[in-house]
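One line per chain: the protein sequences are V and U, in this order. Each residue of the first sequence is one higher than the last, beginning at 40 in our numbering. Each residue of the second sequence is one higher than the last, beginning at 1324 in our numbering.
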Amino acid sequence: MLRLEARALPSKAMTFASPLIALALTALVAAVILAGLGKDPLAGLRVIFLEPLSSRRQISEVLLKATPLIVIALGLAVCYRSNVWNIGAEGQFLLGCVGGGGMALWLMGQGIVLPRAVGVSLVLLAGMLGGMLWAAIVALLRDRFNANEILVSLMLVYVAQQCVNALVFGPWKDPQGFNMPQSAMFHSSLLLPPLLERTRLHVGFVMALVLSVAALLFMFRTFRGFQLQVGGLAPAAAAYAGFSARGALWLSLLLSGALAGLAGAMEVAGPVRQVTPYLSVGLGFTAIIVCFVGRLHPLGIVAAGVLLSLMLIGGELAQSRLGLPNAMASVLQGVLLLILLACDTFIEQRLRWSRPTGHTA
Amino acid sequence: MNETALLFNTALASGTTLALAALGLLVNERAGVLNLGAEGMMLVAAVAGFAMAFTTGSDVLGFVTAALAGAALAALFGILVIFLNTNQYATGLALSLFGYGLSAFLGVSMVGRTLSARENYEIPVLADLPFVGPAFFSHHPMVYVAIGLTIAIAWFLYRTRAGLLLRAIGENPEPAHALGYPVRLIRLAAVCVGGALCGLAGAYVSLVTAPLWVEGLTAGRGWIALALTVFATWRPARALLGAYLFGGVTVLQMNLQAGGVQISSHLLTMLPYIATILVLALISRNVAFIRLNMPASLGKPFRPGS
């Protein structure tokens, strides 16, 4: 009979092949869904996976959406490598929007006009602080009260959304905004400078690339990064070596909170330009998928971030061009992650054909 | 109906979703499998049940469809984690994300449709009693089903041989395997039961509480139910009581909003989530207590013969 057996060593080839196989199978699932809806599968796949790369403007939109995904996923990779299950990046992202937005609105309210470099830096820093604060709640409750970080971080997403709502329906509502629940538009000196002419792509994308190199160095070239990884892979060994598990918990959560917050501040100081109740579009959850597809590796995350962003934009295009439900993209994301996890089975195991030989215990 | 009786009545009604889901999750956790996909299963079941009830007009068919949908998704999860040994956290999370997308996808044509408000079933004689009648004996039938299930699951876990086996596998699968029991199939069955009950919970939201379908309808109730299994220290009766307590918090929040209390409605909407965090922190504080009650093999993969 067919059975799984452990490999002596994890398969390197499978580690890299797994996301590609998963992507191919996801495309197959997409084709089946398209056929089921009575659409031409090949034309549909072209719209979802290739159309977003068809023009300069489309490519800039893909990179724009990839920016927060990459930034958030880099922080999550540090968490997951330390075996800290922060799944509430969406909430930390929202608090980043609140922090960054709050700073921008305060500066505008005070009539302070700063050089763009200073103003934008303040906005981004405030966003990072907001995200860090939100993640610190998770770390504190885990550290002091042993409360499960998965549930706490997820619950805080709902709380964060209500915080945003309370602000934009209340004190932050734009007095000149026809009573719409949204803040005033930010002054241009508080917006991230554009990267490409006539597109919405901003310098945040370059910052994301720089951050991924920094994350690479931190994970694989510093002692602190090494300690975190040992703690995640072999907690007992880490404890024996005297690496602090509490330190790892705090560091990974604060780091991922700060990055998710930064991504939030980049959204409000980037394409959105104001605080609205509709900032949460699930980027914090998509970033979890980016993280796994990217093998928890900073360079892999850049590639995966662009891929998932492409699928999101492709899903929007499929909605307008083919009349597909816009949930198509999130179905495919979920399918991708499920298939990926199944494929990952074969990194540490392999299928073997073995004859039943009675009981071998 | 007087005010307090009404409060009890609505607490029971709104706690029933959490009770159904928590009972199901408790069964698969007692077998050693942690399914973080509760929210996704509830959402898909909610839309499946709603679509069935809307087209056929039969609530029973709606609930059955929802239970089957929940069990099917749970089986997918179970095959991945039990037979392919994938990470339980990541797979459960994937199921939640997938379920969110799938339910939105399937429910596109259902958005904006509503069912008429469900009628309560009054238990003869008892419903006529003062106070306790309106509070406890005038409900949608699923409320009584949840109570019945609590008793049935408690009886199964603590009074039957099969229940003992299930708990033994949750503590340590090795001895059961050595005795020749099909550990992985038993775990798969427990996961499917968990999914079916989460399915009922989802349909209760879309058919009774709401009764309509919108994207993300369950609003985190699956995650709260997961936290509830911890509060309940994996015991059915405590899960039921905990669910009613949380139902009470939700009702209180709605009453305060309706009563025009001068607190921001956004702050009130946070209340159930903050309550979950606080109770989780309070219960988890005692590490030894949690460790004593938690199924010892919870979340750990089992590979026979390795």
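Don't be surprised by glycine CBs; every beta carbon is placed ideally from N, CA and C. Note that the coordinates shown come from a computational prediction; the quantities given were computed from them, not determined experimentally.
- When DSSP states are grouped into helix, strand and coil, His1500/U belongs to the helix group.
- Under a criterion of Cβ atoms nearer than 7 Å, the residues of chain V adjacent to Phe1428/U are, in order, Pro364, Ala366, Met367 and Val370.
- Glu100/V is not bridged by DSSP to any residue.
- As a beta-bridge residue in DSSP terms, Arg42/V pairs with Arg391/V.
- Not a single CB atom of chain V sits nearer than 8 Å to the CB of Met1465/U.
- Contact between the region 1383 to 1401 of chain U and the region 338 to 348 of chain V is absent: fewer than 3 CB-CB pairs across the two stretches fall below 8 Å.
- Each of Ala357/V, Leu294/V and Tyr317/V was checked against the Cα of Ala175/V, and the nearest Cα belongs to Leu294/V.
- In the displayed model, Ser369/V falls within a helix according to three-state DSSP.
- Residues of chain U with a Cβ closer than 9 Å to the Cβ of Tyr317/V do not exist, since the nearest Cβ in that chain sits about 13 Å away.
- Those residues of the region 1538 to 1554 of chain U placed with their C-beta closer than 9 Å to a C-beta in chain V are Glu1538, Ala1542, Gly1543, Trp1546, Ile1547, Leu1549, Ala1550 and Val1553, ordered along the chain.
- Counting only runs that start and end inside the region 47 to 111 of chain V, the alpha helix (DSSP H) elements of at least 4 residues fall at 51 to 75 and 80 to 84.
- DSSP, read as helix, strand or coil, puts Thr1333/U in helix.
- DSSP places Ser1461/U within a strand segment (E or B) once states are collapsed to three.
- For His241/V, the three-state secondary structure derived from DSSP is strand.
- Contact between Arg312/V and Leu103/V fails: their C-beta atoms lie close to 13 Å from each other, not under 8 Å.
- Ranked by Cα distance from Leu1535/U, the options Thr1592/U, Val1434/U and Ile1446/U are led by Val1434/U.
- Counted as a single uninterrupted DSSP element, the alpha helix (DSSP H) harbouring Val157/V occupies residues Arg155 to Phe184.
- As summarised for the region 1569 to 1627 of chain U, the continuous alpha helix (DSSP H) elements at least 4 residues long and confined to that stretch are 1588 to 1607 and 1610 to 1616, given in chain order.
- Excluding residues up to 5 positions away in sequence, Val1572 and Gln1576 lie with their Cβ nearer than 7 Å to the Cβ of Leu1594/U in the same chain.
- Remark: C-beta atoms of Gly135/V and Met167/V approach each other more closely than 8 Å.
- The alpha helix (DSSP H) runs lying completely inside the region 1518 to 1572 of chain U and spanning 4 residues or more are 1544 to 1554, given in chain order.
- Excluding sequence positions up to five before and after Pro1464/U, its CB lies within less than 6 Å of the CB of Tyr1444, all in the same chain and listed in chain order.
- In this structure the region 1390 to 1406 of chain U touches the region 1352 to 1372 of chain U; the number of beta carbon pairs closer than 8 Å is three or more.
- Here Pro220/V is not bridged, per DSSP, to any residue.
- The beta carbon of Gly158/V sits no closer than 8 Å to any beta carbon of chain U.
- Close to Tyr1412/U, with beta-carbon spacing below 8 Å, are these residues of chain V in chain order: Trp124 and Ile189.
- In terms of beta-carbon proximity, Leu272/V stays away from the interface with chain U, with every pair separated by 8 Å or more.
- Within 7 Å of the CB of Thr1437/U, no CB atom of chain V is found; the nearest one sits about 20 Å away.
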